[in-house]
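Here this note's numbering is used: the first residue of the sequence shown is 31, the next is one more, and so on.
Virtual Cβ for every residue (Gly too), placed ideally from N, Cα, C.
Everything on this sheet refers to the single structure shown next.
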Amino acid sequence: MTRRIAFGVFGRPHGVRGEIRFHPYNADSPLIRAERRIEVGSEEPGDPNIRTFQLESVRTDHQGPVVRLGGIGDRDAAGSLNGMVWYEDRANFAPVADGEYYHYDLVGAVVMSPDGVELGRVAEVWTLPASDVLVVRGREELLVPMVEAFVSEVNVEGRIIRLREMPVAGVEGG
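In structure tokens:
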């Protein structure tokens, strides 16, 4: 079974010959290379209109990657992909070492309080300068810094994250 993972988002066209900016979630990924097939769709989960393209070229300028996709030959065609998502099969990603994880492996995990009460599920993972932060949605929305002071256990296989300490405040306005 294919597990599609959002790999990055296409931006604005670059020039008039069909090149388009690409904003990868991991700019160092070896998956950003030419001569391979990629899947592109909307941000909607389970998008039934996933399209496959040949990634013909990749180059980088001062703003990041610029790509050319097969069948996209002009600015208008490239513009139609603005905001669309490049998806990769989870199996294409490099394995991680013990104690490491990809952000998307945490999305959907149950978050437990220090007392063992279910607080909600991880909806997003934000990458901030000081640490990653879990956005937990349950009865209320919580922001949990992914640091030892707050998190005692991350069980990726079991899809459970246990907290050592409760965060002080949630997010207002949800």
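With DSSP collapsed to three states, give me the class of residue i.
i, result
"D58", "coil"
"Y131", "coil"
"N79", "coil"
"N112", "coil"
Quick one: residues in its chain with C-beta nearer than 6 Å to the C-beta of residue i, no 5 flanking neighbours on either side, listed in chain order?
i, result
"H133", "V155"
"E49", "V96 and R98"
What residue range does the alpha helix (DSSP H) around residue i cover?
i, result
"H44", "Counting along the chain, H44 falls outside any alpha helix (DSSP H), though it belongs to the beta strand (DSSP E) covering R34 to H44."
Classify residue i: buried if its beta carbon has 16 or more other beta carbons within 10 angstroms, exposed otherwise.
i, result
"G204", "The predicted model places G204 with a pLDDT of 48, which falls under 50 and marks its position as unreliable; any figure quoted below should be read in that light. It counts as exposed."
"G188", "exposed"
"R98", "buried"
"P60", "exposed"
"G41", "buried"
"R51", "buried"
"H44", "buried"
Among the candidates the options, whose CA atom is the shortest distance from the CA of residue i?
i, options, result
"V163", "I191, D145, R66 and E148", "I191"
"V39", "E65, R63, V46 and V70", "V70"
"M114", "N79, V126 and G103", "N79"
"M196", "V141, F83 and A153", "V141"
"V177", "G101, E86 and G129", "G129"
First and last residue of the beta strand (DSSP E) that includes residue i?
i, result
"D106", "No beta strand (DSSP E) holds D106; the alpha helix (DSSP H) holding it covers R105 to G109."
"I190", "I190 to L193"
"N185", "V181 to N185"
"R167", "D162 to R167"
"G94", "G94 to L99"
"L173", "E171 to P175"
Any beta-carbon of chain C closer than 7 Å to the one on residue i?
i, result
"A139", "In summary, chain C is missing from the structure at hand, where a single protein chain is found."
Spatial neighbours of residue i within its chain, please: CB distance less than 7 Å, with the 5 preceding and 5 following residues excluded, ordered by chain position.
i, result
"V88", "I62, R63, A64, P95 and V97"
"N112", "F40, G41 and R42"
If you drop the 5 nearest sequence neighbours on each side, which residues of the same chain put their C-beta closer than 8 Å to that of residue i?
i, result
"S143", "L149, L193 and M196"
Looking at the ligand ZN, does it come within less than 6 Å of residue i, judged from the CB to the closest heavy atom?
i, result
"T157", "This structure does not include the ligand ZN; it has no bound ligands of any sort."
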